[in-house]
Each structure stands twice: as structure tokens, then as C-alpha cells.
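A.B. asks: Mind looking over this structure? Questions follow.
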Amino acid sequence: NAAARLKDPKHLGFLVGYIARKEILTDLQLSAALEYVRSHPLEPLDVADFERACGVGICVTPEQIEEAVEAVISKHRAELLAERYRFNMGLLMGEARSQLRWADGKTIKNEVDLQVLHLLGPKTEADLEKKPKVAKARLAPAEKQKVAVVENGDMGTETQSLLEQLRGEALKFHKPGENYKTEGYVVTPNTMALLKQHLAITGGQVRTRFPPEPNGILHIGHAKAINFNFGYAKANGGVCFLRYDDTNPEKEEEKYFTAIREMVEWLGYQPYAVTHASDYFDQLYTWALELIRRGQAYVCHQKVEEIKGHNPPPSPWRDRPVEESLLLFEDMRKGKFGEGEATLRMKLVMEDGKMDPVAYRVKFTPHHRTGDKWCIYPTYDYTHCLCDSIEHITHSLCTKEFQARRSSYFWLCNALDVYCPVQWEYGRLNLLYTVVSKRKIIRLVETGAVRDWDDPRLFTLTALRRRGFPPEAINNFCARVGVTVAQATMEPHLLEACAREVLNEQAPRAMAVLEPLKVTITNFPAPKALEVLVPNFPADESRGFHKVPFHQTVYIEETDFREEADKGYKRLAPGQPVGLRHTGYVIAVQNVIKDVSGRVIELEVTCTKSDVAEKPKAFIHWVSVPLTCEVRLYERLFLHKNPEDPSEVPGGFLSDLNPDSLRVVHNALVDSSVHSARAFDKFQFERLGYFSVDPDSEEGKMVFNRTVTLKEDPGKA
């Protein structure tokens, strides 16, 4: 950068030396250095003056940034409260930057965002409304509203609700019964009569379905599919089926059926009906016989390896007589062929060039619902569209990778002369820093990297629930991603931001101390513990209070005390009192007690009523007569954004595990107000973050999972 921007190479070596020694570290410093060099072209450079001009050796502390931003916000407090989030935040940034020329701009922005949030609270619906524009000669059409945009893993700010995005004309979907208006839809001589029958059955109602395979736990990508399918039906007065695609008996387990329905309902949706592909096995078999009779399917003996790939050889049995295929298919049903010895194939070529997809294969595995009635099972390519037809689905919504199967979808319904729904595709939702495939999660469990499918470091829906993510946050995240055709790959911190917004409104406050330091108040004003009223939601005291004991002995965070107060340090230190939140008291250190190793183990302090004491620089949280609990602090499970990408992680995803993804605090302390909390109850531990009660909790020993911190870690990008 320096070499490219410095036109005169005379001082290049001088400048590069500062960069190499890491005395010039930022683009801001480099720009100042280049400007200085350009403005002193002839004379030898004054080193001291040069270093002063480009901030060499200057270190701006977080405390300095905090103070500068605090001063700027205080100056504009009235306007901020009046205009709220419509106030020009760039003004705050600029003024803070002018006071701290060499401070990192991103750090200033994070501090501005944090302090503005603290002052104003989360954005309301009114804040999200577009600011009225001054009328101009040409007005943009009112209907052209900006919807969520996904760019480089980030989200647009003007996000419509999911139902708004899915309602009516928001999507260019067909109306029920008008399937034929969809581009690419195949119209046959029977189409209009079939659509008329369809409308008579459905009454013109929108019908969708969510069709998961019951061979694994749902993950964050499925949340978008659930929201899209159930949401589209709800937004348009329709219904959505939960249909298990249970056509592969080898991989299905009852626990997956239960967990899938539980997660759908946890996200707030009730299926119109719960169905299974296996409900229709008899009808599907009857239709397979009909397909053979119509000359559209045949029994084939090619091996799996022979028909794999893009250009497999045509089947030598493609033109075998219909009667022969009927007899052989009956033999398949009776178990006269071994696995892999015969398949039923459909006569069509798909978009991706795949020829004659398999409709039925032999599997000698009992089915969890039909037992050993069948030893032949239908494939997805055969089952999916026909189940949609049976249930009179109007909009078959699926992810983009199924686009190559759209022609086979239409072909099969039309080949059998049955009602043909319309398949619509949308982009998948992927998340960075994680893996979601069943095979890889099993490897993580087997190697002990995670405990199970619901380990809070994973992004399965059961894991997110266990970590404490509210279902509303997941739904809001899906709404912000938007209904896009392009695949959306998002950063986890965007999901975490949605969680903070919801939890700020839902999670009552409590106080907890992770690294306790004992504090004894030597002049405690009462012979026994006092009761302190703490608001459940400080911004809205109408939502109630809870009581916590305030005793002569309290515990504070070790990090809230220093023996020597650095410049900018505001918390407890000798000669620097602090307030105890909610008590109305200020404490001052009188004596510091240490163990033999010199570690501080106790403080003796005196307390003064806050209305007579000098206002302290800070108020800290505390606990008294607390409960001992275990707290689990989670970080990202993987170190790289794409742990499955060999170019990013050559050693494979298991080599990319973050050794610090879980830290367990065994003897944390929490105030007694949470004693009756149950699994999945959520709290904001003041100044620490949002936490959820883990199902591992037992009588006398509660366990909390940290869901998210109170503010985004600036190191996460």
C-alpha cells in the first residue's frame, strides 16, 4: 500500500521501516505518514515531528474510547431521545473520532452502538419505519418497498416480516387452480379437468407441506424451510402438512420422528395433518403397475455402479415387453430378487442429463410403520410428486438443488394422468463456522468433540433450543435472510443479534457472579439480611419485581476489583468506591485480604447510602446468600468459516475444532430469585449476558448455558 501510494521513492525505505517495526499499524496512520512525507519533499525529515504527526507510539485504551463516546452522547442526549434511531449516528462517530484521532474506527462504532442501545433500548417497529422523505418532483411508487437483501453474508436493515414477504402478490407464485400459468408447467388434455377437481376438493385453499426425512435432527437450514412452507400457507389463509418422507427404512428411527414434530411446534407452527409417505405405499405401488402398463417404466438389472455418473450407458432392458416388466416387478415385490439385482426405472431424461431415474429398489429391511409387508421401497424421485398430488398440495416449495428434478416432477404426474402441483425452488440457508450433515455430526459425537445432537455448540434446532435461543429469534433471522432464490450463507453473529433483540424483551434480569470475590461490609446497617427489590425489566417496571437478599457478606466479580486503578478504570479499587446495583448503597474498600500466594481472597468495605455519598463512577452487580451453580460458556466450535472446505482446512473438519469452544465454571454464584426456574427458562444475568437453564440441572445444583453475550464480540466478523 505504501509503495503504491508513495510517488517519490526517496523516503520509501524510511516509511517501510516504521511499517516493518509495527510502529505504523493502521491505514489512518499510513495516510498521515504519506501526507507528512509529501508535504516535506526537500528537507530531511524531522523524526520526532513525523512520529507526532502520524501517531507513532500512541495507544488508545478502551476506557478512553468509552469516555469519549459517553461525552458525545451526553452532549446530544436530548436530540437522541427525541429522534431515536433516526438521529445521524455518523455525527456521534465523527465527534468521538475528532477527540481520539488514532482510535480504531470499528471499536468506536461498536462503543457508539452499545451506548446508544443502552440509552434507547432495542429498535421498535416505529424506529424501523422509513423516515418520511421531503416531496420531490418525482415520487417513487409506494409499492416499491425494500425487502431484506443478502449481500456477502450480511442482512439489509429494512426487513419486512416473513408474513409480509410471503403474502399474496409479494411472490410471483400462481393462485390455486392456476397452475397452468406457471412457466414450464406441462399442460395435457386432462389438465383443466384435473385442476377443476382439485379446486372442488380444496375450495381454492393454499396447501403446502414440509417433508423432512426422519433420519436426522433438524438444523438451522431446516428452520428456513419450516418458516417458508408453514409461513406461506399461514400468510395466505392456507394449511401446511408435516409429511415424513419415510421411504428409506435403513436410516429411520422413532426419535427422529418425535424430535422433528417437536421442533416444528417449538417454532410456533401446528401442522394441518401429520402424514407419512408410507401412508400411501399401496397407492404408489398401484401407480407403479399403471406406469409399466403405459410403457413408461421397466425393470432393469444394471448395477448401481453402472448407472452412476453423468453419462452412464443406456439400459439394455429399456425396451423389454410390458408384460415381462409386470411379472418381474411382481417378483421384486415377492422378494425373488436380491438387493441390487433389479430396480424399476422410469423412462425420462432429467434436466441434468440423468437418464431413467429409479422408481423402486429392493431392500430387505423391515419398515418402522409397515413392518415386513414390503421388500421394495419407492425413491424420492418417484414418491415426492405423487404424495404432493394425493394431498392436493398447491405449492411444492423446495430448495434450489431440486430444480433439476422439476421436469421429472411434472412428467410423472402427467404420465399417470393425476393432479400435478407446481414445484417452486428457493435458496438454501447455510451458516458459517459449523457443519450440519448427519454424518459429520455423528463423527463429532463419536470422537467426543460434542456430547450429542443437542450440544449447544451445534446449530441443530435442538441444540439452539438447549443453548437458549428463543424460537422467535430463529424465525426473525429467517425473515431477515428473506425468501431468496440465491443461496444465503450467513454469519452466526447475525443469528445472535436476533436472539439479543428477543431476549432483551423476554428474559427477566437476575444477578450472577462467575468468578466470585468475597466482600464483607463491616458497617452493615442491619442485624440481618435486608430484602432488595430488583425490577424484572428495568426499562419497564410495570412488568414486576423480584426480591433478593442483601447481607453483610456479598460476592462480586474478581474483575470488578483492582488494587491499583489505571487511568480510565471506573470500578472498585482502594480510594475509588462503587455503587452496588439496586441496593441504594456505595461501598468503599477499607482492607484487602490475601492468601499466602498474594492472591486477593476477600475485601473488607464500608457502605454509605447513595443519596449522601458522592456519586460513584460505576455500579457493579453482586450476589448475597446465593445459590451455587454451574455455568457453561460457549464459543464457536470451529476456527474457520468453512471447516468442510479442503482449501481452507486441508486436514478436514475434525482438525479445525476450537479448543476453547466450551469453558465450564463449576462454582459460579447466582441470586436466589432463580431457584424455581425450570429447564429452558431464560434470564439476563446483569452485565454478563443471556443465559438459559440446562436440562442437566438437578435439585441443589442448577446448570446455565450462556446463549449470547450482552453485546457482539468486536472480534467476530
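Quick note on UniProt numbering: the sequence shown kicks off at 1 and runs consecutively.
Note that beta-carbon positions come from the ideal geometry of N, C-alpha and C, so glycine has one too.
Judging by CA-CA distance, which residue of 558, 513 and 624 is the nearest neighbour of residue 667?
C.D. replies: 513
A.B. asks: Are residue 251 and residue 215 close, meaning C-beta to C-beta below 7 Å?
C.D. replies: yes
A.B. asks: According to DSSP, which residues form a beta bridge with residue 547?
C.D. replies: 533
A.B. asks: Report the rounded CA-to-CA distance for residue 563 versus residue 573, giving the unit in angstroms.
C.D. replies: In this structure, the alpha-carbon of residue 563 lies about 6 Å from that of residue 573.
A.B. asks: Considering only the alpha carbon of each residue, which of 654, 662 and 700 lies closest to residue 670?
C.D. replies: 700
A.B. asks: DSSP has residue 588 in a bridge; who is on the other side?
C.D. replies: Partner(s): 606.
A.B. asks: If you count every other CB in all the chains shown that lies within 10 Å of the CB of residue 539, and 16 or more means buried, which is it?
C.D. replies: exposed
A.B. asks: Examine the Cβ distances between the region 315-331 and the region 291-299 and report whether three or more of them are shorter than 8 Å.
C.D. replies: yes
A.B. asks: Given 8 Å as the limit, is there contact between the region 60-79 and the region 99-107, that is, 3 or more CB pairs closer than that?
C.D. replies: yes
A.B. asks: Using the C-alpha atoms, what's the distance from residue 96 back to residue 80?
C.D. replies: About 15 Å.
A.B. asks: Quick check on DSSP: helix, strand or coil for residue 423?
C.D. replies: strand
A.B. asks: Residue 228 and residue 464 - do their beta-carbons sit closer together than 7 Å?
C.D. replies: Taking 7 Å as the Cβ cut-off, residue 464 and residue 228 do not qualify as a contacting pair.
A.B. asks: Can you round the beta-carbon distance between residue 359 and residue 382 to whole angstroms, since I take them to be within the 8 Å contact cut?
C.D. replies: 4 Å
A.B. asks: By alpha-carbon positions, which one of 93, 632 and 422 ends up nearest to residue 466?
C.D. replies: 632
A.B. asks: Between the Cα of residue 186 and the Cα atoms of 365, 88 and 408, which residue gives the shortest distance?
C.D. replies: Residue 186 has its Cα closest to that of 408, out of 365, 88 and 408.
A.B. asks: Can the beta-carbon of residue 590 be found less than 7 Å from the beta-carbon of residue 612?
C.D. replies: no
A.B. asks: Nearest to residue 698 by alpha carbon, out of 628, 529 and 177?
C.D. replies: 628
A.B. asks: Quick check: residue 726 and residue 207, are their CB atoms within less than 7 Å of each other?
C.D. replies: Since the displayed the chain opens at 1 and closes at 717, residue 726 lies outside it and no answer follows.
A.B. asks: Are the Cβ atoms of residue 660 and residue 635 separated by less than 7 Å?
C.D. replies: yes
A.B. asks: Could you pull out every residue in the same chain whose Cβ sits closer than 8 Å to the Cβ of residue 167, ignoring the five residues on either side in sequence?
C.D. replies: 235 and 236
A.B. asks: Relative to the C-alpha of residue 190, which residue among 529, 420, 26 and 370 is closest?
C.D. replies: 420
A.B. asks: What residues in its chain sit with their C-beta under 6 Å from that of residue 325, if we drop five residues either side in the sequence?
C.D. replies: Within the same chain, residue 325 has close Cβ partners 292, 298 and 299.
A.B. asks: According to DSSP, residue 509 sits in a beta bridge with which residue or residues?
C.D. replies: 684
A.B. asks: If distances are taken between C-alpha atoms only, which option among 355, 417, 362 and 374 comes closest to residue 385?
C.D. replies: The shortest C-alpha to C-alpha distance from residue 385 to any of 355, 417, 362 and 374 is the one to 417.
A.B. asks: Tell me the rounded alpha-carbon separation between residue 362 and residue 280.
C.D. replies: 18 Å
A.B. asks: Exposed or buried, what is residue 59 when buried is set at 16 or more other beta-carbons lying within 10 Å of its beta-carbon?
C.D. replies: exposed
A.B. asks: Tell me, please, which residues DSSP counts as bridged to residue 376.
C.D. replies: Per the DSSP secondary-structure output, residue 376 pairs in a beta bridge with 362.
A.B. asks: Let me confirm a value: residue 534 is counted as buried when at least 16 other C-beta atoms fall within 10 Å, else exposed. Which label applies?
C.D. replies: Result: buried.
A.B. asks: On the DSSP bridge assignment, give the partners of residue 399 in chain order.
C.D. replies: Note: residue 399 sits in a beta bridge opposite 426.
A.B. asks: Is residue 273 helix, strand or coil by DSSP?
C.D. replies: strand
A.B. asks: DSSP on residue 638, reduced to helix/strand/coil?
C.D. replies: strand
A.B. asks: Report the residue from 484, 413, 579 and 657 whose alpha carbon sits nearest the alpha carbon of residue 445.
C.D. replies: 657
A.B. asks: Give, in chain order, every unbroken run of the alpha helix (DSSP H) that is at least 4 residues long and sits entirely within the region 60-107.
C.D. replies: Segments of the alpha helix (DSSP H) lying fully in the region 60-107: 62-75, 77-83 and 89-99.
A.B. asks: Who are the near neighbours of residue 46 in its chain, counting only those whose CB is closer than 6 Å to its CB and skipping five residues on each side?
C.D. replies: none
A.B. asks: What does DSSP give as the partner residue(s) for residue 367 in the beta ladder?
C.D. replies: Residue pairing by DSSP places residue 367 opposite 371 in a beta bridge.
A.B. asks: The beta strand (DSSP E) that contains residue 614, what's its start and end?
C.D. replies: From DSSP, residue 614 is part of no beta strand (DSSP E); its letter is neither H nor E.
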